[in-house]
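First the structure, in the form of structure tokens, and then the observations on it.
Protein chains: 2
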Amino acid sequence: MGAVTERAPKQDRSRATRQRILEAAVACLAEHGWSGSTVAVVCTRAGVSRGAAQHHFRTREELFTAAIAHVAEQWLTAVRERARALPREGPDRTYAVVDMLVAVHTGPLFRAALHLWVAAGEEEALRPRVTALESRIGREAHRLAVDVLGADEGRPGVRETVQGILDMARGLGLANLLSDDSARRGRIVRQWSRMLDAELRATAQG
Amino acid sequence: MGAVTERAPKQDRSRATRQRILEAAVACLAEHGWSGSTVAVVCTRAGVSRGAAQHHFRTREELFTAAIAHVAEQWLTAVRERARALPREGPDRTYAVVDMLVAVHTGPLFRAALHLWVAAGEEEALRPRVTALESRIGREAHRLAVDVLGADEGRPGVRETVQGILDMARGLGLANLLSDDSARRGRIVRQWSRMLDAELRATAQG
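Those protein sequence lines, which keep their order, are chains F and D.
Following the UniProt record's numbering, the numbering of the first sequence begins with 1 at its first residue and continues without gaps.
Following the UniProt record's numbering, the numbering of the second sequence begins with 1 at its first residue and continues without gaps.
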């Protein structure tokens, strides 16, 4: 009994340390870019020893890829949860969903991911990991968008309509990188969610 | 007379050297990213002396910002020219225009610009220049898109509809960074140019 109760808190502590490292890694990437994000910088930020980080992640590439994956998973879960509180259907729901999808692309997770994507274009050690990660997050974000929009992908064009919204969200994230683009973005989100809603309704009836 | 005829070829040579440097700078950025793009690397690629580059550009930041501006101007002019050969209106024109707008975002110019944008997020010396450049290119690309689509921005929602297409194009550029996304992209361009065309027609009649 003693051994079991002691092991549980130890596992909890290890999991908490891992999470602290992952969250510090995303914050570092978002603020300092890839070249400024060393394992040492992350350890200082997370308040953990270098040894603790090495226990969880063998390489810098593994650490940062895991960090983006972790925070992306948290975001996907949060969107699913928040979508339950939205109106069940109609233009208001469509608007709220598009707004949520766009919001994540203008926050620190997207900024961090962007640094990792761009660095992966130059660094062979990073590219295969990041390519696989990007493709996985892309698929999951698409699945999420289809689900929370209640879109029927069996209908022609619906898949591409939803994908285009996610690509637009990425573009809006880029446009927000150097300056506050929120006023323009708000108007685009309103107009495009209206177009999306009309298209999904027309397709559902057609 | 002698002095005048000698000066003209000298100016031509200087202009040609400047252009060679600018084009080499964009190619370097696209291939090696910001950290791998030094003035020395650009000079070697352009086949010019360091002195020649310094004659035209005082700093590395000035050189690369001028390079993106130069190639973006060339691209804007090329799109205007190619648009003259398209059908005058209708879905085929809309499709061809969207296809052209998206195409540039998946080529070396976008890749180079992306490296510069992301680096500007980290480097104070680069940020004001790149922010001003991004905003100028963004405005000109928007003006171009409105013109070649024959869109009437006096009608409600039209401005945001066209802006969203350019943001989608940027997002499609990002999605193409690490892997060939052309098949998926082709389907999205087809679907969204159809939706764009319907929206512009509906607004023009409304």
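Here a beta-carbon is modelled for each residue, glycine too, at the ideal position from N, C-alpha and C.
For residue i, three-class secondary structure by DSSP
i, result
"Trp34 (chain F)", "coil"
"Leu200 (chain D)", "helix"
"Ser14 (chain D)", "helix"
"Arg155 (chain D)", "coil"
"Gly47 (chain D)", "coil"
"Leu166 (chain D)", "helix"
"Ser179 (chain F)", "coil"
"Met1 (chain D)", "Residue placement at Met1 (chain D) is flagged as unreliable, the pLDDT there being 46, under the threshold of 50; a coordinate-derived value is accordingly withheld."
Contact list for residue i against chain F, beta-carbon separation under 7 Å
i, result
"Gln205 (chain D)", "Those within 7 Å of Gln205 (chain D) in chain F number zero; the least Cβ separation is about 15 Å."
"Val104 (chain D)", "Those within 7 Å of Val104 (chain D) in chain F number zero; the least Cβ separation is about 13 Å."
"Arg127 (chain D)", "Leu178"
Range covered by the alpha helix (DSSP H) that runs through residue i
i, result
"Arg136 (chain F)", "Arg127 to Leu149"
Under 7 Å by beta carbon: chain D residues contacting residue i
i, result
"Arg187 (chain F)", "Glu160"
"Glu134 (chain F)", "Leu178"
"His32 (chain F)", "Glu122"
Under 8 Å by beta carbon: chain F residues contacting residue i
i, result
"Trp117 (chain D)", "Leu174, Leu177 and Leu178"
"Trp192 (chain D)", "Glu160, Thr161 and Gly164"
"Ser35 (chain D)", "Ser35 and Glu122"
"Val130 (chain D)", "Leu178"
"Ala27 (chain D)", "Per Cβ cutoff of 8 Å: no residues; Ala27 (chain D) is ~14 Å from chain F at best."
"Gly157 (chain D)", "Gln191 and Arg194"
Partner residues on chain D for residue i, Cβ-Cβ distance less than 8 Å
i, result
"Gly150 (chain F)", "Per Cβ cutoff of 8 Å: no residues; Gly150 (chain F) is ~19 Å from chain D at best."
"residue 210 (chain F)", "Outside the modelled stretch of chain F, which goes from 1 to 206, sits residue 210 (chain F), for which no answer is possible."
"Leu114 (chain F)", "Val118 and Leu174"
Listed by chain order, chain D residues near residue i by CB distance under 9 Å
i, result
"Leu200 (chain F)", "By Cβ distance, chain D contributes nothing, its closest Cβ being about 11 Å from Leu200 (chain F), past 9 Å."
"Arg88 (chain F)", "Ordered by position in chain D, no residue passes the 9 Å Cβ test against Arg88 (chain F), which lies about 25 Å from the chain."
"Gly171 (chain F)", "His105, Gly164, Leu166, Asp167, Met168, Ala169, Arg170, Gly171, Leu172, Gly173 and Leu174"
Under 9 Å from the C-beta of residue i: neighbouring residues of chain F
i, result
"Met100 (chain D)", "In chain order: nothing, as chain F lies at least about 16 Å away."
"Glu73 (chain D)", "Near Glu73 (chain D) there are no residues of chain F at all, since even the closest Cβ is about 20 Å away, more than 9 Å."
"Arg184 (chain D)", "Glu160 and Gln163"
Cβ-heavy atom distance, residue i to the ligand MN, below 6 Å
i, result
"His56 (chain D)", "Among the ligands in the structure shown, none appear at all, so the ligand MN cannot be discussed."
Neighbour flag for residue i against chain B, beta carbons, 7 Å
i, result
"Leu22 (chain D)", "No chain B is present in this structure, whose protein chains are F and D."
| Those runs of the alpha helix (DSSP H) which lie wholly inside the region 50-124 of chain F and span at least 4 residues | 50-56, 60-84, 91-104 and 108-122
| task | Pair every Cβ in the region 77-86 of chain F with every Cβ in the region 71-90 of chain D, then say whether three or more of these pairs are closer than 8 Å. | result | no
| field | Cβ contact (3+ pairs, closer than 8 Å) linking the region 106-120 of chain F and the region 174-186 of chain F | value | yes
| request: Inspect the CB distances between the region 154-173 of chain F and the region 149-167 of chain D and report whether three or more fall short of 8 Å. | output: yes
| query | Does the count of Cβ pairs from the region 39-52 of chain F and the region 127-141 of chain D closer than 8 Å reach three? | reply | no
| query | Does the region 54-69 of chain D come close enough to the region 11-26 of chain D that 3 or more CB-CB pairs lie under 8 Å? | reply | Between the region 11-26 of chain D and the region 54-69 of chain D, the count of Cβ pairs shorter than 8 Å is three or higher; the stretches touch.
| query | Using 8 Å as the threshold, is the region 190-202 of chain F in touch with the region 148-165 of chain F, meaning 3 or more CB pairs across them? | reply | yes
| Is the region 28-46 of chain D close to the region 87-98 of chain D, with three or more CB pairs under 8 Å? | Here the region 28-46 of chain D does not lie against the region 87-98 of chain D, with fewer than 3 beta-carbon pairs under 8 Å apart.
| task | Count the CB pairs spanning the region 125-132 of chain D and the region 142-159 of chain D that are closer than 8 Å, and state whether there are at least three. | result | Not touching, per the Cβ criterion.
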